[in-house]
Amino acid sequence: MSSILASLSKTKAEMESVGITDNIRLSDDEDSIVIIDQTRLPGKLEYKNIADLESAYQAIRKLEVRGAPAIGIFAGYAMYVLSRKDAGLDFDTFYGNFTANREYLNSSRPTAVNLSWALKRMDKVVCDNKDKPVREIVELLKKEACAIHSEDIEMCLKICEYGLSLLKDGDGVLTHCNAGPLATSYGTAQGPFLLAKARGMNIRVFVDETRPLLQGARLTAFELQRAGVDATLICDNMASLVMRNGWVSACFVGCDRIAANGDFANKIGTSSVAILAKHYGIPVYSLGPTSTIDMNCPDGDHIRIELRDPDEIRTMWYEKPMAPENVKCYNPSFDITDHELLSGFVTEKGIVYPPFDVNLKKLFDEN
Ligand code: MRU
0 MSSILASLSK TKAEMESVGI TDNIRLSDDE DSIVIIDQTR LPGKLEYKNI ADLESAYQAI
60 RKLEVRGAPA IGIFAGYAMY VLSRKDAGLD FDTFYGNFTA NREYLNSSRP TAVNLSWALK
120 RMDKVVCDNK DKPVREIVEL LKKEACAIHS EDIEMCLKIC EYGLSLLKDG DGVLTHCNAG
180 PLATSYGTAQ GPFLLAKARG MNIRVFVDET RPLLQGARLT AFELQRAGVD ATLICDNMAS
240 LVMRNGWVSA CFVGCDRIAA NGDFANKIGT SSVAILAKHY GIPVYSLGPT STIDMNCPDG
300 DHIRIELRDP DEIRTMWYEK PMAPENVKCY NPSFDITDHE LLSGFVTEKG IVYPPFDVNL
360 KKLFDEN
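Position 332 (the sequence shown) corresponds to 331 in numbering that gives the first Met the number 0; numbering is contiguous.
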């Protein structure tokens, strides 16, 4: 751990040399949050300003900003930007608006715990400082939002280092969905591939396209190709053959919520990857910050799975029809991977191995 800490500034520079690391920031006048609109990728790398509550809600809901840690970072900045507009109000009116904004944003997507985690942190700042002038509280909210962001950067860098320690030059790895810098600050599940590239290592990455919204094809393939990583795009149903061919020695995936027993929610299709990998004897690692662990959630059965618009299945990214109109669809956005299928969680505090119910708890008891 100490050697990892000592090298973090080097890791940061290496990640910045290969990844897009400015996907979320405050605008210079602090009236809005500037995000990369992820729905426009890979065709257009477009930045968008989000200045009001409804746009912030829709940005999360429509996946303009997505990925568990990125949603948390965005929500922190959004609460600051919205609170700043109310800085002239008396405390009770200010807190009434703050609570309504927080609850509305929290209702945008249910599965990733990072959203409610960040919103609770912002709420605590207001509650702990309610005797101070509202303008001062607003400044403290800015400090907290920036802290959520910078802590995520530090967590990602450590996760990238720990993740890379599991790989050697020439390895093949399969990944699902997008957990690169676009989905976080500096990347979790795909961060080690970028770091490997920056260090001159050759890791061959097989990228699941990740139906229905193609986060793998649109975002992961884009991020990896742009960095010069050896990335091969496959359809989700090709993973078994890739594994059978002996082309991958590990699977790296992200996480949206980790329950206390180690069951975890991640993008729909993750559990299929883990089940296949078990069949072929390939280890599966889930990489994510400890802010994604929900110790109040006992197991996967208690994780709420977001159900999304059936048109995401019936049409090609809301445009061309590719199924009969009005055909019945089931469109869960996430699934639960049973803890027994997982080899380890790669967190900023190190790699957590089974038994997960004991070892995840230790992470919080010891620190
Ligand atoms: O629906 P999305 O695109 O927000 O789903 C994202 C994922 O499932 C990621 O794997 C997860 O959030 C981890 S991001 C570091």
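We put the CB at the ideal spot given by N, CA and C, even for glycine.
Going straight from the alpha carbon of residue i to that of residue j, what length do you get?
| i | j | result |
| --- | --- | --- |
| Thr432 | Glu208 | Summary: the structure shown does not reach residue 432, with the chain confined to residues 0 through 366, and so no result is reported for it. |
| Ser332 | Pro132 | 42 angstroms |
| Gly42 | Gln57 | 21 angstroms |
| Trp246 | Leu275 | 14 angstroms |
| Glu339 | Leu166 | 22 angstroms |
| Lys266 | Phe344 | 16 angstroms |
| Lys157 | Val326 | 45 angstroms |
| Tyr103 | Cys234 | 36 angstroms |
| Glu311 | Thr38 | 13 angstroms |
| Lys119 | Tyr46 | 27 angstroms |
| Leu306 | Ile72 | 23 angstroms |
| Pro354 | Asn330 | 32 angstroms |
| Thr98 | Ala197 | 43 angstroms |
| Ala146 | Met237 | 41 angstroms |
| Arg225 | Pro323 | 36 angstroms |
| Asp91 | Gln214 | 42 angstroms |
Who are the Cβ neighbours of residue i in its own chain at under 6 angstroms, not counting the five residues just before and after it?
| i | result |
| --- | --- |
| Ala249 | Val172 and Pro282 |
| Thr20 | Pro180 and Tyr185 |
| Ser115 | Asn105 |
| Met0 | Summary for Met0: the model assigns pLDDT 46, below 50, so the residue's position carries little reliability; its value from the coordinates is reported in the next sentence. Result list for Met0: empty, nothing under 6 angstroms. |
| Gly299 | Ala258, Asp262 and Ile335 |
| Ala367 | No statement about residue 367 is possible, as the shown extent of the chain runs from 0 to 366 and does not include it. |
| Ala370 | The requested residue 370 is not part of the displayed model; the chain covers only 0 to 366. |
| Arg134 | Ala86 |
| Ile152 | Ser184 and Tyr185 |
| Ala220 | Val206, Ala230 and Leu232 |
| His148 | Ile72 |
| Thr346 | Thr289 |
| Pro371 | Because the chain in this structure spans residues 0 to 366, residue 371 falls outside the shown range and cannot be described. |
Per DSSP, residue i is paired with what?
| i | result |
| --- | --- |
| Lys266 | Phe333 |
| Tyr46 | Ile35 |
| Met315 | Lys319 |
| Gly343 | Tyr284 |
| Gly349 | Thr346 |
Please return the same chain residues whose Cβ sits closer than 7 angstroms to the Cβ of residue i, not counting the five positions on each side in sequence.
| i | result |
| --- | --- |
| Arg256 | Thr110, Ala111, Val112, Phe263, Ala264, Thr291, Asp293, Cys296 and Ile302 |
| Ser16 | Ala197 |
| Ser8 | none |
Would you please state the rounded distance, in angstroms, between the beta carbons of residue i and residue j? I believe it to be under 8 angstroms.
| i | j | result |
| --- | --- | --- |
| Leu139 | Met78 | Incorrect: roughly 12 angstroms between the Cβ atoms, too far for contact. |
| Arg101 | Arg60 | About 16 angstroms; that fails the 8 angstroms criterion. |
| Val80 | Glu29 | 7 angstroms |
| Leu25 | Tyr94 | Actually they do not touch by this definition, with Cβ atoms about 22 angstroms apart. |
| Asp334 | Thr269 | 6 angstroms |
| Val252 | Thr183 | So it is not a contact: roughly 13 angstroms between Cβ atoms. |
| Asn244 | Asp356 | Not confirmed; about 35 angstroms, so no contact. |
| Ile34 | Ile49 | 6 angstroms |
Look at the Cβ atom of residue i, then the Cβ atom of residue j, and state whether they are nearer than 8 angstroms.
| i | j | result |
| --- | --- | --- |
| Met14 | Leu194 | yes |
| Ala378 | Leu232 | Since the displayed the chain opens at 0 and closes at 366, residue 378 lies outside it and no answer follows. |
| Gly162 | Gly190 | yes |
| Thr10 | Glu222 | no |
| Asn128 | Gly169 | no |
| Met242 | Tyr284 | no |
| Ala273 | Leu359 | no |
| Arg83 | Val137 | yes |
For residue i, would you say it is in contact with chain B, using Cβ-to-Cβ distances shorter than 8 angstroms as the test?
| i | result |
| --- | --- |
| Asp262 | No chain B is present in this structure, which holds just one protein chain. |
Excluding the five sequence neighbours on either side, which residues of its own chain have a C-beta within less than 8 angstroms of the C-beta of residue i, listed in chain order?
| i | result |
| --- | --- |
| Met321 | Arg313, Thr314 and Met315 |
| Tyr352 | Ser342, Gly343 and Asn358 |
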